[in-house]
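Take the sequence shown: its letter number 247 is residue 247 in my numbering, and every next letter is one higher. Everything below concerns the one structure shown next.
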Amino acid sequence: MNIIALFGNPNTGKTSLFNKLTRSYASVGNWSGVTVEKKVGTLRDKSALLVDLPGAYSLHPLSLDEGVTSRFLIDEPPASLINIVDASQLERNLYLTVQLLEYGCPMVIGLNMIDVARGRGILIDEQRLSRQLGIPVLPIIARSGQGTRALLQHIAALRTDSTADDIPFRLDYGKVIEHTLQQLTTAIQSALPDRTPQYARWVALQLLESNPVVEQYAASLLTPDFIRQQTEQCQQQLAAGGADITPSEQLRRVRTEWIARLYSQVADHSRADSRTLTEKMDAVLTHPLLGIPIFLLMMFTIFKLTFDWAGNLLADQIDALISGPVSSGATSLLQLAGASAFTQGLIVDGIIAGVGGVLVFMPQIAILFLMISLVEDSGYMARITLLMDRMMEYVGLNGKAFIPFIIGFGCNVPAIMAARTIEQRRERLLTILLVPLMSCSARLPVYILFAGVFFASHQAVVVMLMYVLGMIIALGLARLFSHSPLFAREKSFFLVELPPYRVPQPLSLFRSTWEKVKGFLHKAGTIILAGSVAIWLLSHLGMQGYGVDMDHSLLAAIGGLFAPLLDPIGFGTWQAVAALLTGFMAKEVVVSTMNIIYHAPTMEGLGVQLGSAFTALQAFSFMVFILLYTPCLATVSVIRKETQSWKWAGFSILYALITAYIAALLIYQLGRLIGYS
Ligand code: GDP
Ligand code: MG
């Protein structure tokens with residue numbers, strides 16, 4: 001099948017268009033760094049494959065995710081390109097457009113965000129733009145789908161039309177550069193006889209720009225000596241001609257001048273507002289003093305809503321359903337079918353209690369994620385990274401690392417992948433290692449359960465405290481690690497991109513929340529189910545065979561082995577150890593384990609049991625331990641993949657365990673000192 005690729009700067013609406021044109025769903029966010037890997041989907045009419053790529057300002061990669069674009073152009077030459085440009089930021093967007101035109105593949109421009117541009121009083125003459133660039137330019141609004149049909153028709157036409165008689169796009173880079181380009185192009189052309197001269201020229205151009213991805217590729221085509229000789233000669237001749245400038249600077253200069261001239265011909269700013277609504281809102285929301293308090297207040301409201309105002313009410317309903325009709329229904333059915341006590345126990349007290357005990361928390365999780373999606377899509381999230389930049393710099397990271405941190409509140413796995421947007425190797429590694437301290441949704445059921453039992457009247461505050469604590473410890477460790485010899489220092493820089501505020505779209509909010517809920521349900525049906533079965537079996541099997549008293553079960557034996565170690569931090573019982581061990585698979589399993597071993601029919605019943613097993617201080621220490629103690633299995637494996645090192649994967653477990661132990665020890669011992677038990 002034909003391949004159509006979506007290219008464009010970050011945050012210009014590529015993924016929105018991708019979702020409109022295909023049946024798949026990829027996450028959209030009003031900030032850069034949301035898409036870090038290419039995504040493939042089939043067009044709705046099944047005529048071609050559409051590839052969504054990470055955003056880039058130019059083909060020259062600054063970070064790992066940006067390298068994806070150049071590599072794609074080399075390895076998987078697409079049949080055609082859609083270049084999405086943001087009409088409200090056209091001039092800057094055209095830089096990538098020029099590089100893509102030089103690549104020479106049939107291309108259509110989707111002039112997106114025309115609603116935004118119009119709102120700001122910027123008018124673009126798309127017909128003139130189309131004539132000047134020599135390719136179709138189609139105004140669209142990707143998020144509502146307006147204009148996308150016409151865009152598709154033009155793509156289809158591109159595919160059927162022969163483009164042989166088109167004049168290839170070409171800028172004149174001046175005598176010296178053109179001469180070098182000529183030399184390089186000829187050499188590349190003879191190494192690649194079946195590619196077009198246009199492509200060879202593009203490779204030569206990218207070589208002169210020292211695009212590392214292309215340099216690597218060219219090394220297999222030309223001898224390194226030849227390339228070096230050509231670029232050095234070019235440099236010398238530029239200097240001899242009185243221009244104190246590198247070839248890549250010269251390329252940039254010619255392009256930006258050409259773009260500026262073009263832009264002045266196609267854009268009309270005469271009606272533009274002097275101060276936009278976004279600027280007015282930013283004056284308050286990113287205010288140096290007010291910014292952080294507003295952010296904290298907003299977080300607090302979100303947690304209040306998640307627990308006190310809506311979530312708990314819904315959760316109680318689900319609990320009543322599972323512990324009532326579902327359990328008793330299953331029991332009667334099994335009795336009717338003549339199932340043995342073993343089967344009944346496994347299904348009702350193992351699977352239904354274990355999986356159901358976690359499912360109960362779905363409403364809170366859904367509400368929290370709806371809220372986070374709202375913050376992301378409105379554009380406020382990008383402001384938070386700006387607000388945090390100073391603090392992040394103090395600890396040896398930069399504001400960009402805050403993005404993976406926030407994604408980590410959902411799930412640590414994609415968050416660790418999102419660290420690819422960070423340019424500096426050291427900071428990327430540090431971010432990857434610290435992301436697991438961000439409290440992911442899997443830990444939420446544990447907090448809700450414990451906070452509900454022990455801190456019922458302050459549930460929202462206590463749960464929020466867990467999130468804040470994770471963040472504070474991550475920042476503290478970042479400062480510690482970045483001053484240690486483990487992490488070689490590099491100079492850091494941060495270019496924050498502030499998108500305009502946008503009213504989030506209900507459908508896209510719903511979809512991104514649903515994606516997360518779906519992930520949660522999927523986990524309940526797989527890992528948590530398997531975990532529940534294993535825990536139930538282990539808690540009923542002993543040295544004497546099946547059906548032993550739980551205190552003599554294998555689970556109790558394994559737990560008892562480590563329990564003395566946990567005495568100093570307040571929960572040296574085999575039950576707590578068993579829950580922690582199984583929680584390594586997935587942290588929700590901690591709750592399943594509690595449900596199974598305390599064998600409680602309802603949440604309330606479990607609460608009573610927990611209330612006698614833990615004191616409030618012990619419960620708090622346990623919650624903090626759960627927050628910190630180790631990344632889950634899936635997270636450890638993605639750390640190993642992203643760092644390409646078992647050593648760092650092992651380090652992530654080790655430092656987390658040590659930190660958790662110290663934190664819980666401090667809490668428990670200090671708590672006892674001041675009179676709690
Ligand atoms: P990507 O980074 O290029 O993949 O961009 P996304 O598809 O993630 O979109 C970035 C933001 O722009 C999201 O908040 C979208 O809802 C929003 N957006 C996309 N297209 C349009 C459009 O045509 N008009 C407006 N007003 N917003 C849009
Ligand atoms: Mg995207």
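For glycine and all other residues, C-beta sits at the position ideal for the given N, C-alpha and C.
Residue closest to L617, alpha-carbon to alpha-carbon, out of I596, Q669 and G324: As a working note, residue 617 is residue 617 in the sequence shown. If we check each option's Cα against that of L617, Q669 comes out closest.
Measure the C-alpha to C-alpha separation of A164 and L133 and round it to an integer number of angstroms. Here residue 164 is taken as the residue at index 164 of the sequence shown, counted from 1. Here residue 133 is taken as the residue at index 133 of the sequence shown, counted from 1. Interpretation of A164 is limited by its pLDDT of 48, a score under 50 that renders its predicted location unreliable; no figure is taken from the coordinates.
Using the DSSP secondary-structure output, state which residues sit across from P139 in a beta bridge. Numbered from its first residue, the sequence shown carries residue 139 at position 139. P139 pairs with L111.
Between the alpha carbons of A689 and V51, how many angstroms are there, rounded? Examination of residue 689 is not possible in this model, given that the chain is present from 1 through 677 alone.
Whole angstroms are fine: how far does the CA of E279 sit from the CA of I694? Shown here, the chain extends from 1 to 677; a query on residue 694 therefore has no answer.
When we look at the beta-carbon of K400 and count the other beta-carbons within 10 Å, is it buried (16 or more) or exposed? What you label residue 400 is simply residue 400 of the sequence shown in a count that begins at 1. Buried is the call here.
Please determine, among F342, A310 and V348, the residue with the shortest C-alpha to C-alpha distance to S328. The residue labelled residue 328 in the question sits at position 328 within the sequence shown. Of the candidates F342, A310 and V348, the one whose C-alpha sits nearest the C-alpha of S328 is V348.
Considering A750, what are the terminal residues of the alpha helix (DSSP H) in which it resides? Lying outside 1 to 677, the shown extent of the chain, residue 750 is not represented and no answer is given.
Quick check on A164: does DSSP put it in helix, strand or coil? Mapped onto the sequence shown, residue 164 falls at position 164. The predicted position of A164 is uncertain, since its pLDDT is 48 and thus under 50; a value taken from the coordinates is nonetheless stated next. Judged by DSSP in its simplified three-state form, A164 adopts coil rather than helix or strand.
Check whether the segment 117-137 touches the segment 253-267, taking contact to mean three or more Cβ pairs, one atom from each stretch, closer than 8 Å. The answer is yes - the segment 253-267 touches the segment 117-137, with three or more Cβ pairs under 8 Å.
Exposed or buried, which one is W202 when buried takes at least 16 other CB atoms within 10 Å? Position 202 of the sequence shown holds residue 202. Under this definition W202 is a buried residue.
Taking all protein chains shown into account, do 16 or more other C-beta atoms lie within 10 angstroms of the C-beta of M392, making it buried, or fewer, making it exposed? Counting from one through the sequence shown, the residue named residue 392 turns up at place 392. The Cβ neighbour count for M392, taken over all protein chains shown within 10 Å, is at least 16; the residue is labelled buried.
Just to check, is the beta-carbon of N93 closer than 8 Å to a non-hydrogen atom of the ligand GDP? As a working note, residue 93 is residue 93 in the sequence shown. Not under cutoff, so the answer is no.
Between which two residues does the alpha helix (DSSP H) holding I84 run? By 1-based counting over the sequence shown, the position of residue 84 is 84. It is not in any alpha helix (DSSP H) - I84 instead sits in the beta strand (DSSP E) that spans S80 to D86.
So what does V40 bridge to, in DSSP terms? Sequence index remark: in the sequence shown, residue 40 carries index 40 (1-based). Looking at the DSSP assignment, V40 forms a beta bridge with V51.
Using C-beta distances below 7 Å, list every residue in its chain close to C440, excluding the 5 sequence neighbours before and after it, in chain order. Counting from one through the sequence shown, the residue named residue 440 turns up at place 440. Contacts found: G408, F409, G410, C411 and N412.
Where does F454 fall in DSSP's three states? Residue mapping note: residue 454 aligns to position 454 of the sequence shown, counting from 1. Look at F454 here: in three-state DSSP terms it is helix.
With DSSP as the reference, label D172 as helix, strand or coil. Reading the sequence shown from its first residue, position 172 is the one you call residue 172. It is coil, neither helix nor strand.
Rounded to whole angstroms, what's the CA-CA distance from R143 to Y447? Just pull it up for me. Along the sequence shown, one-based indexing puts residue 143 at 143. Along the sequence shown, one-based indexing puts residue 447 at 447. One C-alpha to the other measures close to 37 Å.
Roughly how many angstroms separate the alpha carbons of R672 and G345, rounded to a whole number? Taking the first residue of the sequence shown as 1, we reach residue 672 at position 672. Taking the first residue of the sequence shown as 1, we reach residue 345 at position 345. Distance between R672 and G345, taken at the CA atoms: about 40 Å.
State buried or exposed for K647, treating a residue as buried only when at least 16 other CB atoms are found within 10 Å of its CB. Here residue 647 refers to the residue found at position 647 when the sequence shown is read from its first residue. With fewer than 16 other Cβ atoms within 10 Å, it is exposed.
Based on Cα-Cα distance, which residue from G547, L90, R383 and I177 lies nearest to V137? If you number the sequence shown from 1, residue 137 lands on position 137. In terms of Cα proximity to V137, the closest of G547, L90, R383 and I177 is L90.
So, with DSSP's three-state summary, where would you put S16? Within the sequence shown, residue 16 is the residue found at index 16, counting from 1. Under the three-state reduction of DSSP output, S16 falls in the helix class.
Assuming contact is defined by CB atoms lying nearer than 9 Å, are A219 and I188 in contact in what I supplied? In the sequence shown, the residue the question calls residue 219 occupies position 219. In the sequence shown, the residue the question calls residue 188 occupies position 188. Taking C-beta atoms as the reference points, A219 and I188 fail to come closer than 9 Å.
Closer than 8 Å by C-beta to S677: which residues in its own chain qualify, once you throw out the five before and the five after it? Chain order, please. Position 677 of the sequence shown, counted from the first residue, corresponds to residue 677. Taking S677 as the centre and dropping the five residues before and after it, the same chain places the C-beta of T615 and L617 closer than 8 Å to its C-beta, in chain order.
Which one or two residues does DSSP pair with I553 in a beta bridge? Residue 553 sits at position 553 when you count from the first residue of the sequence shown. Reading off the sequence shown, one finds Ser at residue 553, where the question assumed Ile. Looking at the DSSP assignment, S553 forms a beta bridge with G542.
Which value, in whole angstroms, describes the spacing of the CA atoms of T196 and I74? In the sequence shown, residue 196 corresponds to position 196, counting from 1. In the sequence shown, residue 74 corresponds to position 74, counting from 1. T196 and I74 have their C-alpha atoms roughly 13 Å apart.
Range covered by the beta strand (DSSP E) that runs through I4: Sequence index remark: in the sequence shown, residue 4 carries index 4 (1-based). Element bounds for I4: N2 to G8.
Do V461 and F303 count as a contact pair if the criterion is CB distance below 9 Å? For the purposes of this step, residue 303 is identified with residue 303 of the sequence shown, where counting begins at 1. For the purposes of this step, residue 461 is identified with residue 461 of the sequence shown, where counting begins at 1. Yes, these two residues count as a Cβ contact at 9 Å.
Just to check, is the beta-carbon of N211 closer than 8 Å to a non-hydrogen atom of the ligand GDP? As a first step, residue 211 is located in the sequence shown; it is residue number 211 there, counting from the start. For the ligand GDP, not one heavy atom lies less than 8 Å from the Cβ of N211.
Going straight from the alpha carbon of R23 to that of L43, what length do you get? What you label residue 23 is simply residue 23 of the sequence shown in a count that begins at 1. What you label residue 43 is simply residue 43 of the sequence shown in a count that begins at 1. Distance between R23 and L43, taken at the CA atoms: about 7 Å.
Output needed for A415: all residues of its chain with C-beta closer than 6 Å, excluding positions within five of it in sequence on either side, in chain order. What you label residue 415 is simply residue 415 of the sequence shown in a count that begins at 1. Excluding sequence neighbours, A415 sits near P404, I407, G408 and V435.
Could you tell me whether the segment 236-249 touches the segment 91-103, using the rule of 3 or more Cβ pairs below 8 Å? Too few Cβ pairs lie closer than 8 Å, so no.
Nearest CA to the CA of S323: which residue from I352, V517, L581 and T97? Numbered from 1 along the sequence shown, position 323 holds the residue referred to as residue 323. Per the Cα distances, I352.
Comparing C-alpha positions only, which one of S612, I597 and E588 sits nearest to A634? On the sequence shown, residue 634 is found 634 positions in, with the first residue counted as 1. Nearest of S612, I597 and E588 to A634, Cα basis: E588.
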